[in-house]
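Which chain is which? The protein sequence lines are A and B, in order. All you need for our numbering is the position in the first sequence, starting with 1, plus 889. All you need for our numbering is the position in the second sequence, starting with 1, plus 889. The beta-carbon is built from N, C-alpha and C at its ideal position, and this holds for glycine as well. To start, the structure under review is shown below, and the notes come after it.
Protein chains: 2
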Amino acid sequence: MKGPPDSIAVIGGEGRMGRWFIRFFEEMGLHVISAGRNTSITPKEAARDAEVVVLAVPMHAVGESARELGPYVREKGLLTDITSLKKEAMEEMMAHSKCEVVGTHPLFGPGEPGMVGQTVVICPGRGEGWRDWLVGLFRDAGAHVVITSPEEHDMMMTVVQGLNHILNLALGLTVMDLGVAPKELRRFSTPSFGTRLRQIEHLLFQDPELYAELNMLNPKFPSTFRAFGEVCRRLLRLIEKEDKEEFARLFREALKFFNDRSAL
Amino acid sequence: MKGPPDSIAVIGGEGRMGRWFIRFFEEMGLHVISAGRNTSITPKEAARDAEVVVLAVPMHAVGESARELGPYVREKGLLTDITSLKKEAMEEMMAHSKCEVVGTHPLFGPGEPGMVGQTVVICPGRGEGWRDWLVGLFRDAGAHVVITSPEEHDMMMTVVQGLNHILNLALGLTVMDLGVAPKELRRFSTPSFGTRLRQIEHLLFQDPELYAELNMLNPKFPSTFRAFGEVCRRLLRLIEKEDKEEFARLFREALKFFNDRSAL
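As structure tokens, this is what we get:
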């Protein structure tokens, strides 16, 4: 196992997740170099100077960033990223560097107070020394580390991020189309719908570009969203036909599925 | 204002919400008569003997129950119900009784510990004396009471209950169709998706018939569900075309809508 590094560069360190990770690495006792558009040190200089380089740039910029900085990372160093999709980012990091490569995806936003209890996905790329150090760093900080392939990660994210957020957005837009005032929805809220409304409002305060990219840059998302649409059409047909029996059968099948698998 | 009644009959008092209300009324110091399939007193006897009659039967049975028992309720008494849809229930209660009539819908399930902080919808039917007593009873117990028409109530429920639950069911069924193991979803959960998973699992442990009826017996639900489907298709098209700009515009429009109206 390698590490700790003499220094760690965070590229895009002025973004919200970038700042979050700078604070985290510093709290873990590391020497951090922050590089972005408005720093005195350039991303290239930082990539050359640090032993570990973390790309914390927006999703659409990670490929370009890897192409540009990958060649500058020391051969015995580590290049990693923290973007929400892993396949393209890792292909670019692998293709344009000779160093160790790891894909990282923290499954939480910059609003979380710390690493304890959070989940971090790690996709092994090239080399094991720095990867083991990084996994150890996150685990020491109290995170659950899940190690998987970029493909499986991106597939899981079509549900965990893609569907989850777009359903809240679609519900908000439907309410708007129906002309139902949110104030009225709040008055009529059940405990469960109250939670849903807070999720919708929380989502709408986020960066729209981020959520657009989350769906548009993941080539697997449309087929997951279409599968969801097909399920909705099936349920609508059952409701229109008042086929209570088949509706209840599907309901019980889902319960069985969620129960069975959880026991594995 | 009338009340308190000499006694209050809960018809369907052996169901989960029936039992919940029996306990509630008793805690409020009322004399409760419970009548159902397995009680020594019949629903008709209870409807004749009590000053206030509460129909706590399943949704599909409320019309029949009103037709059967309405004629037995004293002219100076109150007939009310606690079912999740108000239009049909109230029409039947009004048509088959001469007493005061109020529609009641507690916006919570039998798992809630008490009335404090919960919302109860009241739809005025006939008379004000008992209605004011009932509203006062719920308010004294700490509930928010929302007074509205059966039509508005049933429309709001297409979103608050209908869409809210069916989206969780549809998400669960999509995961099943995609063959993604729930155990894996849990490993890859964000804080937000973790909440969603718990909602899905909570839903699947409920009575499937209840959720089938909630959607099938509300004539306004299909058009709300179709409106949601239309929004999803629009979002899918934007994602397939990678139209980030229009996606972001919709996102911002929804934010504006949720913000504007909440200020009213």
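(request) Find the residues of chain A that neighbour glutamate 843/B, judging by a C-beta separation of less than 7 Å, and give them in chain order. (result) Lying outside 890 to 1153, the shown extent of chain B, residue 843/B is not represented and no answer is given.
(request) May I have a chain-ordered list of the alpha helix (DSSP H) segments no shorter than 4 residues that lie completely inside the segment 903-959 of chain B? (result) 905-916, 932-938 and 951-958
(request) Take the Cβ of arginine 1134/A as the centre, count every other Cβ of all protein chains shown within 10 Å, and call the residue buried at 16 or more, exposed below. (result) This sequence places glutamate at residue 1134/A; arginine is not what is there. Per the 10 Å Cβ criterion, exposed.
(request) Within its chain, find whatever has a CB closer than 8 Å to the CB of leucine 1124/A; leave out the 5 residues flanking it on each side and keep chain order. (result) Phe1136 and Leu1139
(message) Using a Cβ distance threshold of 8 Å, determine whether the segment 1059-1069 of chain A contacts the segment 987-995 of chain B, with at least three qualifying pairs required.
(response) no
(message) Against alanine 950/A, what residues of chain B qualify as contacts under a CB-to-CB distance less than 9 Å, listed in chain order?
(response) Result: empty, since nearest Cβ-Cβ is about 14 Å, beyond 9 Å.
(request) Just tell me which of Leu1056/B, Pro960/B and Arg937/B has its CA closest to the CA of aspartate 895/B. (result) Arg937/B
(request) Mind checking who aspartate 970/B pairs with in its DSSP beta bridge? (result) Leu944/B and Gly992/B
(request) Below 8 Å CB to CB, which residues in the same chain sit around valine 951/A once its five sequence neighbours on both sides are set aside? (result) The beta carbon of valine 951/A sits closer than 8 Å to those of Leu944, Asp970, Thr972, Glu977, Ala978 and Glu981, all from its chain and outside the five residues before and after it, given in chain order.
(message) I want to verify the contact list: residues of chain B whose CB lies under 7 Å from the CB of aspartate 1066/A, in sequence order.
(response) Ala1116 and Val1120
(message) Please confirm whether asparagine 927/A has its beta-carbon closer than 8 Å to some beta-carbon of chain B.
(response) no
(request) With DSSP as the reference, please indicate the residues paired to arginine 1076/A in a beta bridge. (result) Arginine 1076/A pairs with nothing; no bridge assigned.
(request) Leaving out five residues on either side along the sequence, give the residues of the same chain with a beta carbon under 7 Å from the beta carbon of lysine 1109/A. (result) Asp1043, Met1044 and Thr1047
(request) Report yes or no: is there a C-beta of chain A within less than 8 Å of the C-beta of leucine 1153/B? (result) Because the pLDDT of leucine 1153/B is 46, which lies under 50, any placement of that residue in the model is unreliable, and the number read from its coordinates should be weighed accordingly. Output row for leucine 1153/B: interface = yes.
(message) Only counting the same chain, and skipping five residues up and downstream in sequence, which positions put a Cβ closer than 7 Å to that of phenylalanine 910/B?
(response) Val899, Val943, Ala945 and Ile971
(request) State buried or exposed for glutamate 1073/B, treating a residue as buried only when at least 16 other CB atoms are found within 10 Å of its CB. (result) buried
(message) In the DSSP output, which residue or residues are listed as bridge partners for cysteine 1012/B?
(response) Partner residues in the beta bridge of cysteine 1012/B, as assigned by DSSP, are Gly992/B.
(request) Could you check the C-alpha separation between proline 1080/A and glutamine 1007/B for me, to the nearest Å? (result) 8 Å
(request) Sort out for me which residues DSSP pairs valine 1034/A with in a bridge. (result) Val1009/A
(message) Using 8 Å as the threshold, is the C-beta distance between phenylalanine 1147/A and proline 1013/B below it?
(response) no
(request) Measure the beta-carbon distance from leucine 919/B to leucine 1060/A and round it to whole angstroms, keeping in mind my assumption that it falls under 8 Å. (result) Wrong, their Cβ atoms sit about 39 Å apart, outside the cutoff.
(request) Indicate whether the contact test is met: 3 or more Cβ pairs, each with one atom in the segment 1088-1100 of chain B and one in the segment 1109-1123 of chain A, closer than 8 Å. (result) no
(message) Assuming the contact rule is C-beta atoms closer than 8 Å, phenylalanine 1077/A and valine 1010/B should be a hit. Round their C-beta distance to whole Å, please.
(response) About 7 Å separates the CB atoms of phenylalanine 1077/A and valine 1010/B; that is less than 8 Å, so the two are in contact.
(request) Could you tell me which chain A residues have their CB closer than 9 Å to the CB of phenylalanine 914/B, listed as they occur along the chain? (result) Residues of chain A passing the Cβ test: none, with the nearest at roughly 21 Å.
(message) Could you check whether the Cβ of lysine 891/B sits closer than 8 Å to any Cβ belonging to chain A?
(response) no
(message) Closer than 8 Å between beta carbons: that is the criterion. Which residues of the segment 1069-1085 of chain B meet it against chain D?
(response) Note that chain D does not occur in the displayed structure, where the protein chains are A and B.
(message) In whole angstroms, give me the CA-to-CA distance for methionine 948/B and arginine 1015/B.
(response) 21 Å
(message) Alpha carbons only, please: which of Glu1119/B, Met906/B and Leu1144/B is nearest the one belonging to leucine 1092/A?
(response) Leu1144/B
(message) Can you tell me whether valine 850/A is helix, strand or coil according to DSSP?
(response) An answer regarding residue 850/A cannot be provided, because it is not within the stretch 890 to 1153 covered by chain A.
(request) Please list, in chain order, all residues of the same chain as glycine 907/A whose beta carbon is under 6 Å from its beta carbon, the five residues on each side excluded. (result) Around glycine 907/A: Val899, Gly901 and Ala945.
(request) Please classify glutamine 1095/A: does DSSP put it in a helix, a strand, or coil? (result) In the structure shown, the three-state DSSP call for glutamine 1095/A is coil.
(request) Report yes or no: is there a C-beta of chain A within less than 8 Å of the C-beta of arginine 1141/B? (result) yes
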